[in-house]
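Quick notes on the structure that follows.
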Amino acid sequence: GLQIKVNKSYITEYDYNGNLINNNEKYVIVDLSLKSIGKEKILNKDEVYLSYGSNKIYFKNTLKDYFIDFGKAYNGSVVSKDKEERVTLIFPISKKTSTKSFKLNILNSVSIDSENNYTYEYAKFRVKAKNVDKEVIEENKTEDSEYQRIYDYIMKNLDEHEHGHNIEQQED
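Read left to right, the sequence shown gives residues 288 to 459 (the numbering used here).
In structure tokens form, the structure reads like this:
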């Protein structure tokens, strides 16, 4: 089996450079700690999904390069049993989705009854994703105004310096 802990989760529309990735999607990034118990295990793509309402979303590894600032994306490798690994799973959701509450579902066991009916049991984790886009926008605003203040200060002091310089010259 797997020992799983959800550390943090985020929602964003932008890559780590602040560029919009897709006009129709935003992304839920779930930061997990994983450790195999017993034998080593692989987290299969079709055994893990994010759900909200009647929607089931599977993680997409192809998006990992957009979110390198959130940590190492899980790449389908074997989860070792001796050390805990910290990885991220990236789920594309519709941009129209307003919820920030999701369930992370990870297949725990499959059982078959005498009539060959399969029962899938999932471990469910509550995911409350934090929208980080507002922070990015606020941060950029702060940065610009900081630069503007520095620029204004320099220009003001340049003017004063020039002005003072002119007075000195007139005294000669």
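Positions of the beta carbon are idealized from the N, C-alpha and C atoms, including for glycine.
Please read these numbers as outputs of a predicted model, since none were measured by experiment.
Between the segment 400-415 and the segment 340-347 there are fewer than three inter-stretch CB-CB distances shorter than 8 Å, so the stretches are not counted as touching.
Counting C-beta pairs with one atom in each stretch, the segment 321-341 and the segment 385-399 have three or more that are closer than 8 Å, which means they touch.
Inter-residue distance for Val397 and Arg373 is about 26 Å (C-alpha atoms, whole angstroms). Judged by their CB atoms, Ile377 and Ile316 are nearer to each other than the 7 Å cut-off. Counting other Cβ atoms within 10 Å of its Cβ, Ile355 stays below 16 and is therefore classed as exposed. Shown here for Lys411: same chain residues with a beta carbon closer than 6 Å to its own, the five before and five after excluded, namely Lys390 and Asn392 in chain order.
At a Cβ-Cβ threshold of 7 Å, Tyr353 and Ile298 do not count as neighbours. Nearest neighbour of Val419 by Cα position, chosen from Ile291, Ser296 and Leu350, turns out to be Ser296. Val335 counts as buried, since at least 16 other C-beta atoms from the protein chains shown sit within 10 angstroms of its C-beta. The three-state secondary structure of Asp420, taken from DSSP, is helix.
Nearest to Val366 by C-alpha distance, out of Lys313, Ser320, Gly305 and Tyr301, is Ser320.
Contact between Lys292 and Ile324 fails: their C-beta atoms lie close to 13 Å from each other, not under 8 Å.
Boundaries of the beta strand (DSSP E) around Lys313: Glu312 to Ser323. In the DSSP assignment, Ala410 falls within the beta strand (DSSP E) that extends over Tyr405 to Lys415. Thr384 is positioned such that its CB atom lies no closer than 7 Å to that of Phe357. Annotated as distal: Lys322 and Glu402, with beta-carbon spacing of 7 Å or more.
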